[in-house]
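Chains as they are written, first to last, in this note's numbering: chain L, 1 to 234; chain E, 235 to 468; chain A, 469 to 702; chain B, 703 to 936.
Below is one structure; the comments refer to it alone.
Number of protein chains: 4
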Amino acid sequence: MTTATAKRSFVRLPREQRMREIEAAAREVFSQRGYDAASMTDIAKRAGVSEGSIYKFYTNKRDLLLTVIRTWYQSMIDEFMEKLSGVEGTRAQLQTVIWQHLKSIKANPDLCRLFFLEVRSADDYFDSDLFHLNRDYTHVLMDIIQGGIDRGEIRPDISIPLVRDMVFGGIEHRVSGFLVNRGDFDHDETANQLTDMVMAGMAAPAKTPNGLEALVERLERVADRFDGPGGGEG
Amino acid sequence: MTTATAKRSFVRLPREQRMREIEAAAREVFSQRGYDAASMTDIAKRAGVSEGSIYKFYTNKRDLLLTVIRTWYQSMIDEFMEKLSGVEGTRAQLQTVIWQHLKSIKANPDLCRLFFLEVRSADDYFDSDLFHLNRDYTHVLMDIIQGGIDRGEIRPDISIPLVRDMVFGGIEHRVSGFLVNRGDFDHDETANQLTDMVMAGMAAPAKTPNGLEALVERLERVADRFDGPGGGEG
Amino acid sequence: MTTATAKRSFVRLPREQRMREIEAAAREVFSQRGYDAASMTDIAKRAGVSEGSIYKFYTNKRDLLLTVIRTWYQSMIDEFMEKLSGVEGTRAQLQTVIWQHLKSIKANPDLCRLFFLEVRSADDYFDSDLFHLNRDYTHVLMDIIQGGIDRGEIRPDISIPLVRDMVFGGIEHRVSGFLVNRGDFDHDETANQLTDMVMAGMAAPAKTPNGLEALVERLERVADRFDGPGGGEG
Amino acid sequence: MTTATAKRSFVRLPREQRMREIEAAAREVFSQRGYDAASMTDIAKRAGVSEGSIYKFYTNKRDLLLTVIRTWYQSMIDEFMEKLSGVEGTRAQLQTVIWQHLKSIKANPDLCRLFFLEVRSADDYFDSDLFHLNRDYTHVLMDIIQGGIDRGEIRPDISIPLVRDMVFGGIEHRVSGFLVNRGDFDHDETANQLTDMVMAGMAAPAKTPNGLEALVERLERVADRFDGPGGGEG
DNA sequence: GATGAATGAGGATTCATTCAT
DNA sequence: GATGAATGAATCCTCATTCAT
C-alpha cells in the first residue's frame with residue numbers, strides 16, 4: 001500500500017559516509033532537544049536525507065541514539081587511554097583519570113545527560129555493549145587503585161569498587177547542576193580536590209604508625225631514665 | 235419528567251482525605267509504571283475518583299508527581315533528623331547519615347528513581363521547593379563535617395561540598411544497579427566502608443604525630459638535664 | 469508530551485449512543501474501502517467524533533472491525549433463527565437455511581467479504597467469539613440434517629460435517645463472483661437447486677426403472693398373446 | 703587512477719535461470735510470510751540478486767506473485783490431467799478429481815492461501831489468465847459430470863455449475879482450518895465421502911425403492927396369471 | 001546488465017487536560 | 001463538587017519502486 005515515488009535527484013553516497021552524516025545530525029538534534037523531543041524528521045532534514053534512509057542503517061530511533069552515544073563514548077575512551085599512557089605513579093594516574101573525565105563532561109554535557117538519563121537508566125542497559133564499554137572505562141580507574149595497593153601506596157583493605165563509585169559518583173553529583181545548565185564547575189580545582197581527597201582517604205597508614213611506634217619506644221626509654229628500668233604500674 | 239439516566243452516586247470526602255487518597259494512588263502508579271507510563275486515568279481509577287477531580291487539587295500531572303515526591307522526601311528527612319538527634323561524634327553522625335540514606339533508598343527505590351530521573355533532572359528543579367528540601371537535607375551532612383573541622387577531627391582545608399558530592403554521589407553510583415532492578419547492595423557494609431573511606435580521607439593527619447614528636451623532644455631535653463645527653467637508644 | 473487542547477464545543481452523548489454512531493460509521497467505511505484502505509480518520513470524520521474518542525471504546529482498528537462484524541453476524545443469526553422457528557420438515561428447514569444465508573450475502577456482500585478475507589483468515593479467528601458464533605450458526609444446519617436422519621428421511625451413514633461444508637462452501641463458491649462485484653446470482657433459483665441437490669443427490673434413479681421396463685416388456689408380450697400384437701396405445 | 707572502491711563482482715546467468723531462481727525465492731518467501739509481509743528485499747536476498755534486478759523481469763511485486771502462483775497452478779493442472787488420463791467411468795473420474803485437488807492442497811497449503819486470499823479476491827482476477835486457468839481446471843470436473851449425464855448415470859436436470867461449486871466450495875470449506883494451520887483433514891476419507899455424497903446424494907433410498915419393489919412383485923403376480931408360473935425370458 | 005542507495009507518503013495510536021452536565 | 005466524554009496534535013516506521021553509477 002506504500003506509494004512508491006523515488007524523487008528524481010539526490011546525491012548518492014557510500015554507505016559509511018552517509019552514516020557519518022546521519023550520526024552527526026542525530027548527535028546535534030539529540031543534544032539540543034533531548035531524546036524524546038528530537039524527531040526523526042528533524043534529524044533527516046538536518047542530515048539532508050529522507051527519513052526512510054535513516055532506517056536503512058538503524059533499526060529505530062533508539063538504535064540511532066545508542067550508536068551516537070557509543071561513538072562518542074568510544075572516542076572518549078580512546079582519548080582517555082592515550083592521555084593516560086605516559087603517566088606514571090598512582091596519584092598522577094588518578095589525577096589524569098579524574099581530569100579527563102571532567103574534561104569530557106565539560107566538552108559534551110548534553111551527551112552526558114543523554115547517557116545518564118536515556119541510556120544508563122534503561123532496562124536493557126546492563127545487557128548493552130555500552131554497559132561493557134563503561135565497565136572497561138571504569139576498570140581503568142580500578143586498575144590504577146589496584147596498582148597503588150600493589151606498590152604499598154594504598155591501604156589494601158580498601159574496597160576498590162567503592163572508590164570507583166565515590167570518584168565517578170562524586171563527579172556526577174558535582175557536575176549535576178552544570179549538566180542542567182545551572183552553574184559551572186572549576187575543572188582543574190575539582191580534579192585536584194577530588195584527587196587529594198581520594199588519595200588521602202586511601203593512603204597507606206604505613207609511615208605514621210611506624211614513626212609512632214619508634215616514638216613510643218623512645219618515650220619508654222626516657223621514662224626508664226627517670227625511674228629506672230622495670231618501673232611501671234605492673 | 236426526569237431523564238432515565240440516574241446520576242451516579244459518589245461519596246463526598248473532606249478535601250484533605252481525598253487528596254491523601256489521590257496521592258497514595260499516584261505514588262503507587264508512578265512507582266510501578268514510572269512517570270511517563272503512568273496515566274492520569276490509572277491514578278484516578280486507583281484513587282476511586284474521576285480524572286477531573288484530580289485537577290481540582292493539582293494543576294497538572296507534574297504537580298501531582300512533585301507533591302508525591304515532596305511528601306516522601308519530607309517524611310524521609312523527618313525520620314532522618316529524628317534518628318540523628320541523639321547521635322554524638324563526627325564519625326557516628328556521618329555513619330548515621332549514610333546509613334539512613336541507604337535505608338531510604340532500599341525502602342523506596344522507585345521513588346528514588348523518579349526523583350533522580352524526573353525531578354532532579356528537570357529544568358525547573360533548581361527553582362523548586364524540592365531543591366530547597368534537598369539542600370536542607372545535604373546540609374545536615376555538611377554541618378556534621380563542619381563540626382568535625384571545628385573539633386579538629388577533620389582537616390580544615392577540605393572542600394565540604396566535595397565531601398557532600400562524594401558521599402551522595404558515591405551512594406548513588408553504588409546503588410544504581412539496584413535502582414534498575416539489577417543486583418542489590420549490602421546496606422550495612424556499604425555504610426561502614428563509605429564512612430571509613432570518608433573519615434580516613436578527611437582525618438586531620440597533622441596534630442597528633444607532630445605534637446607527640448614535639449613532646450618527646452621536650453621530654454628528652456628534660457631527661458638530658460638530669461643525666462646528661464646521649465642516654466637512650468644510641 | 470501530548471499537547472492537550474480540548475476543543476470548546478462538542479455534543480456530549482451517552483456511551484452507548486456514541487458507540488452505535490462510531491460502529492455505524494465504521495461499518496460504512498470498512499464496507500466501502502475494505503479494512504486496510506479504511507482509515508481511522510475517515511471513520512472518525514464520518515462518525516462526527518475525534519479519532520481519540522474511538523480509542524475510548526475500541527482498543528484498536530481491528531477491535532473495531534471485529535465489533536462491527538460481530539454485531540452484523542449476531543443480527544443475521546437472530547433473523548435467521550426467527551425465520552426458521554415456524555418451519556417444519558427437513559426439506560423446508562434446509563431450504564430456509566440456504567435461502568436465508570443467500571439473502572444475508574445479497575444484503576451485505578461487503579461485510580461478507582470482510583468476514584471471509586479479514587476475520588476468518590486471521591490467525592486468531594479460531595480463538596475468537598466470532599468463531600463460536602459461526603459454529604452456532606452452522607450447527608443449526610447440522611441439527612436439521614440430524615433431524616432428517618432421525619426421521620429416516622436422510623441416510624444415516626452420511627457425514628454431517630461434510631454436508632455442512634458442501635452447503636456453505638458451495639454457496640460461498642457460487643457467490644464468489646458477486647462478492648467481488650462480478651456478476652450476480654439468482655437468489656431463489658440457487659436456493660432451490662442447492663436444496664434439491666442436497667436432498668436428492670444427483671444420481672440417476674437407474675436400477676429400478678430398468679427393472680420396470682423389463683416388466684413392461686413382458687406384460688406387453690403376454691398381452692400380445694391375448695389380443696394380438698399391435699394392440700395398445702394406438 | 704581508479705577509485706579504491708572495487709566493483710562488486712556478480713555472476714551473470716542466462717535470463718531463464720535467473721528468473722527461475724527469483725521465482726523459487728519468491729515462492730518461499732511468499733509462502734512463509736504471506737504477500738504483504740513478504741518484502742522484495744527478502745526475496746532479492748534469498749534469490750541472490752539485487753532488488754533492482756527483480757524489476758528487470760517482473761513489473762512489480764504483484765506480477766511476481768502472479769507468476770509464482772501461475773507456475774504452481776499450471777504444474778498442478780498438468781499433474782492433474784496426467785493422473786486423470788487413464789481413468790474411466792464417471793465415478794472414478796470424479797473421485798480422481800477430488801482426490802487430486804485435496805492432494806494439491808495438502809502439498810501446498812500456503813500457495814492455496816495466497817491464491818484464495820490474494821489472487822482470487824482481487825478486483826482484477828476475473829480478467830487475469832489465472833482466472834482462465836482456473837476455468838479450465840474446474841471445467842474438467844464439469845465435463846466429467848456432463849459425461850455422466852450423457853451416459854445416463856447422472857440426472858440430466860442437474861445444474862452442473864452448482865455441482866462444481868459444491869465440490870470445490872465444499873473442499874475449500876472442509877480444509878479451511880488446515881489452511882490456517884488449525885487441524886488437519888483425512889485426505890482419503892474426505893475424497894471418498896465427498897465422492898459418495900455427490901454421486902448418491904443423501905436422500906434415504908429406503909421408501910421409494912421398497913414401494914417400487916412391492917409394485918414389481920404385484921405386477922409379476924399379475925403376469926403369472928396370464929402365462930403361468932416360470933414364464934418369461936429367465 | 002546489475003546494482004543498491006535513496007525515496008517519502010501515509011496512518012494508527014496516545015493521553016493530559018477541559019468543561020458541559 | 002464531581003463527573004467522564006471528548007479532544008487532536010504529534011510521530012515513528014515501512015517498503016515498493018526508481019535510476020545514477
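No residue lacks a Cβ here, since even glycine has one placed at the ideal position from N, Cα and C.
Counting along the chain, the unbroken alpha helix (DSSP H) around ASP812 (chain B) starts and ends at 811-815.
Contacts between LEU662 (chain A) and chain B, judged by CB atoms closer than 7 angstroms, involve LEU864 in chain order. Taking 9 angstroms as the Cβ-Cβ cut-off, the stretch 589-603 of chain A approaches chain B at SER589, ALA590, ASP591, TYR593 and PHE594, given in chain order. Not flagged as an interface residue toward chain E: ASP110 (chain L), since no C-beta distance is shorter than 8 angstroms.
Among the CB atoms of chain A, none fall inside 8 angstroms of the CB of LEU843 (chain B). B:LYS785 is the residue among B:GLU790, B:LYS785, B:GLY791 and B:LEU813 whose C-alpha sits nearest the C-alpha of TRP801 (chain B). By the Cβ neighbour-count rule, GLN329 (chain E) is buried, with 16 or more other Cβ atoms within 10 Å of its own. Per DSSP, PRO395 (chain E) is one residue of the alpha helix (DSSP H) stretching across 394-398. Within 9 angstroms of the CB of ASP888 (chain B), no CB atom of chain A is found; the nearest one sits about 11 angstroms away.
Cβ-Cβ separation between ILE77 (chain L) and ASP136 (chain L): approximately 7 angstroms, consistent with a contact (criterion under 8 angstroms). The criterion of a C-beta distance shorter than 8 angstroms is satisfied by MET742 (chain B) and GLU753 (chain B).
Membership of PHE498 (chain A) in the alpha helix (DSSP H) is indicated by the continuous run 483-501.
Out of B:GLY750, B:SER806 and B:ASP829, the CA that lies nearest to the CA of GLN776 (chain B) is found in B:SER806. Selection L:GLY148, L:HIS187, L:ASP36 and L:GLY89 evaluated against ALA107 (chain L) yields L:HIS187 as nearest (Cα-Cα). Counting along the chain, LEU367 (chain E) sits inside the alpha helix (DSSP H) bounded by residues 363-384. In chain order, THR792, GLN795, LEU796 and VAL799 place their CB closer than 7 angstroms to the CB of ILE846 (chain B), counting only its own chain and leaving out the 5 sequence neighbours on each side.
At a cut-off of 8 angstroms, the C-beta of MET508 (chain A) has no neighbouring C-beta in chain B.
The continuous alpha helix (DSSP H) containing LEU768 (chain B) extends over residues 763-787. Residue B:PHE818 holds the alpha-carbon nearest to the alpha-carbon of LEU881 (chain B) among B:LEU766, B:PHE818, B:ASP829 and B:SER755.
Annotation for ASP186 (chain L): no alpha helix (DSSP H) segment contains it, and DSSP assigns it neither H nor E. Relative to the Cα of GLU262 (chain E), the nearest Cα in the group E:GLU250, E:ALA281 and E:MET253 belongs to E:ALA281. Annotation for GLU640 (chain A): the continuous alpha helix (DSSP H) segment containing it runs 638-647.
With contacts defined by Cβ atoms closer than 8 angstroms, GLY638 (chain A) and MET868 (chain B) form a contacting pair.
For ASP363 (chain E), the closest of E:LYS290, E:THR305 and E:ARG389 by C-alpha to C-alpha distance is E:THR305.
With respect to chain L, the C-beta atom of GLY386 (chain E) has no partner C-beta closer than 8 angstroms.
Of the candidates L:ILE54, L:SER85 and L:ALA122, L:ALA122 places its Cα closest to the Cα of ASN415 (chain E). Between ARG12 (chain L) and chain E, the shortest Cβ-Cβ separation is not below 8 angstroms. Residues of chain A whose Cβ lies closer than 9 angstroms to the Cβ of VAL882 (chain B) are, in chain order, ARG588, SER589, ALA590, ASP591, TYR593 and PHE594.
Within chain B, no C-beta atom comes less than 8 angstroms from the C-beta of PHE583 (chain A); the nearest is roughly 12 angstroms away.
Spatial neighbours of GLU406 (chain E) in its own chain (CB-CB distance under 8 angstroms, excluding positions within 5 residues in sequence) are listed in chain order as PHE350. VAL865 (chain B) and PHE599 (chain A) have their alpha carbons spaced roughly 27 angstroms apart. Under the 8 angstroms criterion on CB atoms, SER159 (chain L) is classed as interfacial with respect to chain E. For ARG815 (chain B), the closest alpha carbon among the candidates A:ARG588, A:LEU579 and A:GLN485 is that of A:ARG588. Straight through space, the alpha carbons of PHE314 (chain E) and GLY320 (chain E) are spaced by roughly 11 angstroms. GLY638 (chain A) has a beta carbon lying within less than 8 angstroms of a beta carbon in chain B.
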